[in-house]
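Numbering (this note's numbering), first residue to last: 6 to 162. Please read the structure below before turning to the comments.
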């Protein structure tokens, strides 16, 4: 389930949570989304309901979420905090709050490590003779530019 938390820092009661889930049909790698279902609700009401319901489920548990030495979190499938006793943790990646615990959840298979790359900051020089597409298709232009730059420096010295 994909959870998008829209937190409005000025008013905690007006923060909205959007939850959605897509069902894909197909075989092997050829799949397409067939149905997408979503719901939107106020985060404050969800937190209130969560902490009302949690103690009822934990009657036989030796740990209580109200214990001073314990923190209670509800995480989504990507490790982001949906509910926390501290509102400022909501929406953050749990690995930022407690890396050791999150790392142990990766080791036990609850979560898996995924490497993500942020290409938003990539700034390529536009070559007017070729346009933009060759830079995305091949690294040969980068090598050419590097060699040209090296030969320019040799000429200037």
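C-beta: ideal position from N, C-alpha, C; glycine also.
Along the chain, where does the alpha helix (DSSP H) that runs through residue i open and close?
{"i": "residue 87", "result": "From DSSP, residue 87 is part of no alpha helix (DSSP H) but of the beta strand (DSSP E) over 86 to 89."}
{"i": "residue 99", "result": "99 to 102"}
Here's a check: name, in chain order, each residue in its chain whose Cβ is nearer than 7 Å to the Cβ of residue i, leaving out the five neighbours to either side.
{"i": "residue 36", "result": "29, 30"}
{"i": "residue 98", "result": "84, 85"}
{"i": "residue 106", "result": "none"}
{"i": "residue 53", "result": "none"}
Who are residue i's beta bridge partners in DSSP?
{"i": "residue 47", "result": "21"}
{"i": "residue 122", "result": "DSSP output for residue 122 lists no bridge partner at all."}
{"i": "residue 42", "result": "26"}
DSSP three-state label for residue i, please.
{"i": "residue 26", "result": "strand"}
{"i": "residue 78", "result": "strand"}
{"i": "residue 34", "result": "coil"}
{"i": "residue 11", "result": "Here residue 11 scores only 49 on pLDDT, less than 50, and its place in the model should not be relied on; the value that follows carries that caveat. Residue state, collapsed to three classes: strand."}
{"i": "residue 149", "result": "helix"}
{"i": "residue 117", "result": "coil"}
{"i": "residue 57", "result": "helix"}
{"i": "residue 93", "result": "helix"}
{"i": "residue 112", "result": "helix"}
I'd like the list of long-range same chain contacts for residue i, defined as Cβ closer than 6 Å, with 5 residues on each side in sequence excluded.
{"i": "residue 45", "result": "21, 23"}
{"i": "residue 110", "result": "116"}
{"i": "residue 95", "result": "86, 89"}
{"i": "residue 78", "result": "86, 89"}
{"i": "residue 50", "result": "none"}
Between which residues of its own chain and residue i is the CB-CB distance below 8 Å, once the five residues before and five after are set aside?
{"i": "residue 100", "result": "84, 107, 108"}
{"i": "residue 3", "result": "What the structure shows of the chain is the stretch from 6 to 162, and residue 3 is not part of that stretch, so it cannot be assessed."}
Cβ of residue i less than 8 Å from any chain C Cβ?
{"i": "residue 149", "result": "Absent from the structure: chain C. Only one protein chain is present."}
Looking at C-beta atoms only, is the number of pairs between the region 109 to 117 and the region 87 to 97 that lie closer than 8 Å three or more? Result no; under three Cβ-Cβ pairs closer than 8 Å.
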